[in-house]
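Chemist:
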Amino acid sequence: MSQLDDLKTAIKSRLGELECVIGWEQGYDPLHATPLFIRSEADLDRLIIGPLAVHNLATYLTGWKGKKVGVVVKGCDSRSVIELMNEKLVSRDDVVIFGLCCDGVVSQRKIRAALPADPGFVESVEIGADSLKVTVAGQAATLRLADVQADKCLVCDTPDAIVSDFLIGKAHTPAPAPSLKCQDEFEAKSDAEKFAFWQETMGRCIRCYACRNACPMCVCRDYCIATSRDPLWVSQENLPSENMMFQMIHVSHLAGRCTECGECERACPVDIPLMLLRRYMNKQVRDVFKHEAGKALDQTPPLLTFKVEEERINERGW
Amino acid sequence: MPAQDVRELRIVGFLCNWCSYGGADTAGVGRFTQPTDLRIIRVPCSGRIDPLFIVRALMNGADGVLVSGCHPRDCHYAEGNFYARRRLEMLKRFLPITGIDERRFEYTWVSASEGQRWQHVVTEFTRRIHELGPAPSFNPKSDVDWNALAVKASQGQGCPCHGSIQA
Amino acid sequence: MEKFITKDNLYRLAEELAATCRVLAPVADCGTVTFRRFQPGMVLDLHSRMAAVSPKAATFPQTETLLVVKREIPEKKPEIIETLPEGKNVVLGCRPCGARGKLIFDPVYETDKIKDPYYLQRRRNTVFISLACDRPETTCFCHSVGSGPADPSGSDVLLTLVGEGYVARSVTPEGEEIMKLALFSDAGDKGKEADAKNAKAREMMGEAHDYASAPAKLLARFDDMDFWLAQSAKCISCGACTYMCPTCYCFNITDDDLGLSSQRIRTWDNCMSHTFTLEGSGHNPRSTKAHRLKNRVGHKFSYYPDLHKGVIACCGCGRCIKQCPTGVDIRQIVKAAQEYAE
Chain G
860 MSQLDDLKTA
870 IKSRLGELEC
880 VIGWEQGYDP
890 LHATPLFIRS
900 EADLDRLIIG
910 PLAVHNLATY
920 LTGWKGKKVG
930 VVVKGCDSRS
940 VIELMNEKLV
950 SRDDVVIFGL
960 CCDGVVSQRK
970 IRAALPADPG
980 FVESVEIGAD
990 SLKVTVAGQA
1000 ATLRLADVQA
1010 DKCLVCDTPD
1020 AIVSDFLIGK
1030 AHTPAPAPSL
1040 KCQDEFEAKS
1050 DAEKFAFWQE
1060 TMGRCIRCYA
1070 CRNACPMCVC
1080 RDYCIATSRD
1090 PLWVSQENLP
1100 SENMMFQMIH
1110 VSHLAGRCTE
1120 CGECERACPV
1130 DIPLMLLRRY
1140 MNKQVRDVFK
1150 HEAGKALDQT
1160 PPLLTFKVEE
1170 ERINERGW
Chain R
6 MPAQDVRELR
16 IVGFLCNWCS
26 YGGADTAGVG
36 RFTQPTDLRI
46 IRVPCSGRID
56 PLFIVRALMN
66 GADGVLVSGC
76 HPRDCHYAEG
86 NFYARRRLEM
96 LKRFLPITGI
106 DERRFEYTWV
116 SASEGQRWQH
126 VVTEFTRRIH
136 ELGPAPSFNP
146 KSDVDWNALA
156 VKASQGQGCP
166 CHGSIQA
Chain A
170 MEKFITKDNL
180 YRLAEELAAT
190 CRVLAPVADC
200 GTVTFRRFQP
210 GMVLDLHSRM
220 AAVSPKAATF
230 PQTETLLVVK
240 REIPEKKPEI
250 IETLPEGKNV
260 VLGCRPCGAR
270 GKLIFDPVYE
280 TDKIKDPYYL
290 QRRRNTVFIS
300 LACDRPETTC
310 FCHSVGSGPA
320 DPSGSDVLLT
330 LVGEGYVARS
340 VTPEGEEIMK
350 LALFSDAGDK
360 GKEADAKNAK
370 AREMMGEAHD
380 YASAPAKLLA
390 RFDDMDFWLA
400 QSAKCISCGA
410 CTYMCPTCYC
420 FNITDDDLGL
430 SSQRIRTWDN
440 CMSHTFTLEG
450 SGHNPRSTKA
460 HRLKNRVGHK
470 FSYYPDLHKG
480 VIACCGCGRC
490 IKQCPTGVDI
500 RQIVKAAQEY
510 AE
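Protein chains in written order, with our numbering: chain G, 860 to 1177; chain R, 6 to 172; chain A, 170 to 511.
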């Protein structure tokens, strides 16, 4: 029995008591998957898992509040579920978690860089144990999955769902890289270089809020202060300063809560490397509060509480 | 630029009503001279300060932002500044990744009786901001500046994790 | 008029035009391809793929200042300065679908009663030099909405890549003017190669889907919220689709208070956002994403065609499908409505 068969069996056993189970199915072309809302056994037949199943389905949970749903999660996704539960935004009783032992997912950006033609021209894809055979614009190319894995997978230390009602697949012993080269290189740049980078990058931001809406921790959604008119935090004008202001709002509101699922960067239609900001913020949270969001249940996010004596905050003698 | 320079830079201050604002008052009553760049906004407690106030001020063109509250364990509302300490520390540590010089933002604790300390804080901070000079804006001043960055990006420069696409 | 221009000369054309006009061209930018104002030294990316962003910013920028109000001294009467866009624009290297977008704007922005001066000024002063597509992406469906990979409508000059250059064909008198420049040479019999390429690209797209029944069928689903709840389940209601779309034309007008001055700006608005229909009273007729998706799909494939002689407010570029973070596919939604068994 394959991992997918085991998953289907597990879902079948609970489908009757749930509004739906959120999983993935084949998307608009052979290189893409898309979320699937399973309500019947016919729907269940379309379920897929694997390296194309990149979407963090936890982002839908708060939209099903009050109803009992099931959700299929990879290790990183389970962190988002845990964080939502820790913040009492989702009740453990309302979710049946089908946890996967994940072998990693792809980065469409890396696939694009590795193929001889743009993946928009893909004709067929064969997913192997550790390879991806892609035919694009009439040319065949075999990519090693390890080469096109998403950045978050390279540094992942929770490949298997941390909390679940069913844990499906072979357990891993994670051996993550200590850090990402691109993150280290960026952090090493001078202030002026980083500033110029964000100036230019925010110049192409169109403030579509795909990053915000894809984020599982962003629950204010329709009432987000970035789109509030009264008080007005951010102008409608599409200036780099306003676009950067929005990023500052997002990252500040994620401090201590971001589970580094990377959906924001994946969702961005103009490929802005948003994770540079969030990984850095998470480093500070780790450093000051020794906390990583979504790693264990019953934890309080550090910015929702305080200690009278803070070990790692210098009280700034002047 | 020395602090005695005639030109004022724009420094915004968020002071808690009970301790720091009182401390600034004490400094005034005692006639302690300070540079006049700092413009104060009074808030009831440092815990009321959303870190985004500081960010918004910096994005709007402030050259420096100073936050001051009661000493931790002495908050007029008991706990406000404990939260403030955590939030403001995270903001200070976050600024470097954006390219904004984190020395442009400072938070400190000044009590109502510490008039002389307030004078020292303001003078020091203003001197530091003058040394850093006016803050750069995220909005390029002209089309020319903007385009210089875009040309470099099109050539594949500066991008940390994405390769450039062949033309 | 039919001529030929080499790749090198096309770059020189960009340089030459940039001296007197704002030239928008597709440029690689850290992993994506976006339209940027051309500057000498910029590396163009015309061929790797279609730009992620549409070229509609040439005639309909994301932010535009309508007027500025200045007050020198509080007692003096405020000075109102209306600003109309100045100068000429050239969009170089967009695809036919992108250039066609403005044909959807025109009946809305210029009617008997209303003529939008800002849009019209830009429209009259912008020339589109489009590049025909060699092959379709998996998300392309221009052939199903009355267009095609070499559709000239909306463009002033249409280029087709042949060998190390492009066969150029003029579509409008403005296009002809540009093609009179010395950078263009005789096309010889390359025109036949261009025709073959265009036909091949169209052939690769396969059979077109017939959307003729879409307006009525979508309207039939108007009260069926179960249908729209199911279709919108995976939508995250962001707005990437709207902002990328060459034919989406809604806008917001805001007065920005800047102290002693203020500016009235017009910015892109987005019907997928909650605040799109939020009224001053607090009531919101489209408070759920199901309502909003129904509106977006309905507008493009039903309400707009009903108002404008059956023209679908969609150019089939597929950006909404490939940029959608969750893969919402408008083709699937319309097809589901068309095939819905009562």
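All C-beta atoms in this analysis are idealised placements derived from N, C-alpha and C, irrespective of residue type, glycine included. Note that the structure is predicted; figures quoted are calculated from it, not measured.
Based on Cα-Cα distance, which residue from A:H378, A:L236, A:E346, A:T411 lies nearest to T423 (chain A)?
Modeler: As a working note, residue 423 (chain A) is residue 254 in the third sequence. When only C-alpha atoms are compared, the closest one is A:L236.
Chemist: Within 10 angstroms of its Cβ, does P7 (chain R) collect 16 or more other Cβ (buried), or is it exposed?
Modeler: To locate residue 7 (chain R), count along the second sequence from 1; it is residue 2. Because the pLDDT of P7 (chain R) is 45, which lies under 50, any placement of that residue in the model is unreliable, and the number read from its coordinates should be weighed accordingly. Exposed.
Chemist: Any Cβ of chain R within less than 8 Å of the Cβ of F1165 (chain G)?
Modeler: Position 306 of the first sequence, counted from the first residue, corresponds to residue 1165 (chain G). Output row for F1165 (chain G): interface = yes.
Chemist: As a quick exercise: from A:M413, A:D214, A:G334, A:F420, pick the residue whose alpha carbon is nearest that of G357 (chain A).
Modeler: Looking up residue 357 (chain A) in the third sequence gives position 188. The shortest C-alpha separation from G357 (chain A) is found at A:G334.
Chemist: On the three-state DSSP scale, how would you describe G27 (chain R)?
Modeler: Taking the first residue of the second sequence as position 1, residue 27 (chain R) is located at position 22. The answer is helix: DSSP assigns G27 (chain R) an H, G or I state.
Chemist: Quick one: is C1079 (chain G) buried, meaning 16 or more other Cβ sit within 10 Å of its Cβ, or exposed?
Modeler: Counted from its first residue, the first sequence places residue 1079 (chain G) at position 220. By the neighbour-count rule (16 or more Cβ atoms within 10 Å), C1079 (chain G) is not buried but exposed.
Chemist: Which parts of the stretch 1143-1168 of chain G are runs of the alpha helix (DSSP H), unbroken and 4 residues or longer, counting only runs that do not cross its ends?
Modeler: Listed in chain order, there is nothing to give.
Chemist: Chain G beta carbons: is any one of them nearer than 8 Å to that of D42 (chain R)?
Modeler: On the second sequence, residue 42 (chain R) is found 37 positions in, with the first residue counted as 1. It does not; no Cβ of chain G falls within 8 Å.
Chemist: Secondary structure at E822 (chain G), three-state DSSP: helix, strand or coil?
Modeler: Because chain G in this structure spans residues 860 to 1177, residue 822 (chain G) falls outside the shown range and cannot be described.
Chemist: By a C-beta neighbour count over all protein chains shown, 10 Å radius and 16 as the cutoff for buried, is T38 (chain R) buried or exposed?
Modeler: Within the second sequence, numbered from 1, the residue matching residue 38 (chain R) stands at position 33. With fewer than 16 other Cβ atoms within 10 Å, it is exposed.
Chemist: Grab the span of the alpha helix (DSSP H) containing D425 (chain A) for me, first residue to last.
Modeler: On the third sequence, residue 425 (chain A) is found 256 positions in, with the first residue counted as 1. No alpha helix (DSSP H) contains D425 (chain A), which is instead part of the beta strand (DSSP E) from 420-426.
Chemist: Any beta-carbon of chain R closer than 8 Å to the one on M211 (chain A)?
Modeler: Start at 1 with the first residue of the third sequence, and residue 211 (chain A) comes out as number 42. True, the Cβ-Cβ gap to chain R drops below 8 Å.
Chemist: So with CB distances below 7 Å, who are the chain A contacts of C1067 (chain G)?
Modeler: Here residue 1067 (chain G) refers to the residue found at position 208 of the first sequence. Going along chain A in sequence order, the residues near C1067 (chain G) (Cβ under 7 Å) are C407, G408, A409, Y412.
Chemist: Considering Cα atoms alone, identify which of A:F274, A:G487, A:P474, A:Y509 is closest to F310 (chain A).
Modeler: If you number the third sequence from 1, residue 310 (chain A) lands on position 141. It is A:G487 whose Cα lies nearest to the Cα of F310 (chain A).
Chemist: I want to see whether chain A comes within less than 8 Å of S159 (chain R), judged by CB atoms only; does it?
Modeler: Working through the second sequence from its first residue, we reach residue 159 (chain R) at position 154. It does: the Cβ of S159 (chain R) has a partner Cβ on chain A nearer than 8 Å.
Chemist: Over what stretch of residues does the beta strand (DSSP E) that includes T868 (chain G) continue unbroken?
Modeler: Counted from its first residue, the first sequence places residue 868 (chain G) at position 9. That residue, T868 (chain G), is in no beta strand (DSSP E); its alpha helix (DSSP H) goes 862-873.
Chemist: Give the DSSP-derived three-state secondary structure of P1128 (chain G) in the structure shown.
Modeler: Indexing the first sequence from 1 puts residue 1128 (chain G) at position 269. P1128 (chain G): coil per DSSP, three-state reduction.
Chemist: Using the rule of at least 16 other Cβ atoms within 10 Å of the residue's Cβ for burial, across every protein chain shown, is V70 (chain R) buried or exposed?
Modeler: Within the second sequence, the letter at position 65 stands for residue 70 (chain R). Buried is the call here.
Chemist: Using alpha carbons as the reference points, say which of G:C1077, G:I986, G:V1093, G:M1061 lies closest to A892 (chain G).
Modeler: Counted from its first residue, the first sequence places residue 892 (chain G) at position 33. That would be G:I986, whose Cα lies nearest to the Cα of A892 (chain G).
Chemist: Can you name, in chain order, every residue of its own chain whose Cβ lies under 8 Å from the Cβ of G315 (chain A), other than the five neighbours on each side?
Modeler: Position 146 of the third sequence, counted from the first residue, corresponds to residue 315 (chain A). Counting only Cβ-Cβ distances below 8 Å, and skipping sequence neighbours, we find V480, I481.
Chemist: Let me see if you follow: with CB-CB separation under 8 Å, is R206 (chain A) close to chain R or not?
Modeler: Here residue 206 (chain A) corresponds to residue number 37 of the third sequence, with the count starting at 1. Yes - at least one Cβ of chain R is within 8 Å of the one on R206 (chain A).
Chemist: At 7 Å on the CB atoms, spell out the chain A contacts of T835 (chain G), in chain order.
Modeler: For chain G, the structure presents residues 860 to 1177; residue 835 (chain G) sits outside this window and is missing.
Chemist: Buried or exposed: where does A506 (chain A) fall if 16 or more other Cβ atoms within 10 Å of its Cβ makes it buried?
Modeler: Numbered from 1 along the third sequence, position 337 holds the residue referred to as residue 506 (chain A). By the 10 Å Cβ count, A506 (chain A) comes out buried.
Chemist: Pull the bridge partners of N258 (chain A) from the DSSP assignment, please.
Modeler: For the purposes of this step, residue 258 (chain A) is taken as residue 89 along the third sequence, with counting starting at 1. Paired residue(s): A:R191, A:T295.
Chemist: Excluding the 5 residues preceding and the 5 following P56 (chain R) in the sequence, name in chain order all residues of the same chain whose CB lies nearer than 8 Å to its CB.
Modeler: The residue given as residue 56 (chain R) occupies position 51 in the second sequence. Excluding sequence neighbours, P56 (chain R) sits near R92, L93, M95, L96.
Chemist: Determine, using beta-carbon pairs with one atom in the stretch 1013-1032 of chain G and one in the stretch 105-123 of chain R, whether at least three such pairs fall under 8 Å.
Modeler: Counting Cβ pairs under 8 Å, fewer than three are found: no touch.
Chemist: Using the Cβ count rule (16 or more neighbours within 10 Å means buried), how would you classify F391 (chain A)?
Modeler: If you number the third sequence from 1, residue 391 (chain A) lands on position 222. F391 (chain A) comes out exposed.
Chemist: What does I490 (chain A) reach in chain G if we use C-beta pairs closer than 8 Å?
Modeler: Here residue 490 (chain A) corresponds to residue number 321 of the third sequence, with the count starting at 1. Those are Y887, listed as they occur along chain G.
Chemist: Assuming the contact rule is C-beta atoms closer than 8 Å, V115 (chain R) and A62 (chain R) should be a hit. Round their C-beta distance to whole Å, please.
Modeler: For the purposes of this step, residue 115 (chain R) is taken as the residue at position 110 of the second sequence. For the purposes of this step, residue 62 (chain R) is taken as the residue at position 57 of the second sequence. Wrong, their Cβ atoms sit about 19 Å apart, outside the cutoff.
Chemist: Could you say which of A:R461, A:H468, A:L388 lies nearest to I405 (chain A) if we only look at CA atoms?
Modeler: Counting from 1 along the third sequence, the entry for residue 405 (chain A) is found at position 236. Among A:R461, A:H468, A:L388, the Cα nearest to that of I405 (chain A) is on A:R461.
Chemist: Just to confirm my understanding: we take S169 (chain R), look at its own chain, exclude 5 residues before and 5 after, and list those with CB closer than 6 Å. What are they?
Modeler: Translated into the one-based positions of the second sequence, residue 169 (chain R) becomes position 164. With a pLDDT of 33 at S169 (chain R), under the threshold of 50, the modelled position of this residue cannot be trusted; read the value that follows with caution. Answer for S169 (chain R): G161, listed in chain order.
Chemist: What's the call for E511 (chain A), buried or exposed, on a 16-neighbour Cβ count within 10 Å?
Modeler: Mapped onto the third sequence, residue 511 (chain A) falls at position 342. The residue in question, E511 (chain A), is exposed, as its Cβ has fewer than 16 Cβ neighbours within 10 Å.
Chemist: Return the CA-CA distance between Q492 (chain A) and C1070 (chain G), expressed in angstroms with no decimal places.
Modeler: Against the third sequence, residue 492 (chain A) aligns to sequence position 323. Against the first sequence, residue 1070 (chain G) aligns to sequence position 211. Going from the Cα of Q492 (chain A) to the Cα of C1070 (chain G) covers about 12 Å.
Chemist: Entirely within the stretch 1004-1052 of chain G and at least 3 residues each: give me those beta strand (DSSP E) ranges in chain order.
Modeler: Counting only runs of 3 or more, we get 1025-1027.
Chemist: Relative to the C-alpha of S324 (chain A), which residue among A:C407, A:K458, A:G270 is closest?
Modeler: Indexing the third sequence from 1 puts residue 324 (chain A) at position 155. Minimum Cα distance to S324 (chain A) is reached at A:G270.
Chemist: Pull out every residue of the stretch 985-1009 of chain G whose Cβ sits closer than 7 Å to any Cβ of chain R, in chain order.
Modeler: If the cut-off is 7 Å between Cβ atoms, the stretch 985-1009 of chain G has nothing near chain R.
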